Each structure stands twice: as structure tokens, then as C-alpha cells.
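Down below is the structure, laid out as C-alpha cells.
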Amino acid sequence: MNQKLPFVLEIVWLIVMISSASLAVYRTMQTNFSENILLYIIAILAALMYTSRRYLRRTREKNQPKK
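Just so you know, the numbering used here puts 14 at position 32 of the sequence shown, and the rest follows in order with no gaps.
Here it is as C-alpha cells:
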């Protein structure tokens, strides 16, 4: 379980990023940009969390000794 948790969190942030970006674009087409800026901010923060999680997981996997 300890090995899978970083990967699961990575996938969760990816899903949050894709869903909030999709919703933001859809709602921007329906209304204006200023009403949906929070959704874009959430998408950007989720993208940053995804990339940082991915980087940390990869460096941990690289530094772990092979069994």
C-alpha cells in the first residue's frame, strides 16, 4: 500500500486538473471569463500538484535500491 499511495494521489490530482479545466472552458463558453477564474486557478494548482507529485515519486523510485 505504501508503494501505491503516491501513484494514487498523482492520478487524483490529474483527474481534478482535467475535470476543473474542462468545466472552466465549458462555463467560459456559456458565460464570461471573470466568473470562472476560480476554476482556472484550481486547474493550475492541480497541475502543479500533479507535476510535483510525479517528480517526487520518480525520484523516490530511482533512489530506492532494487530488491
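Backbone N, C-alpha and C fix where the C-beta goes; we use that ideal spot for every residue, glycine too.
Source: prediction; values computed, not measured.
Rounded to whole angstroms, the separation of the alpha carbons of ILE0 and LYS44 is 28 Å. The distance from the Cβ of ASN14 to that of ALA6 is about 12 Å, inconsistent with a contact at the 8 Å cut-off.
Distance from the CA atom of LEU27 to the CA atom of LYS48, rounded to whole angstroms, is 33 Å. Collapsing the DSSP output to three states places ASN45 in a helix. With a beta-carbon spacing of about 6 Å, ARG35 and LEU(-9) fall inside the 8 Å limit used to define contacts.
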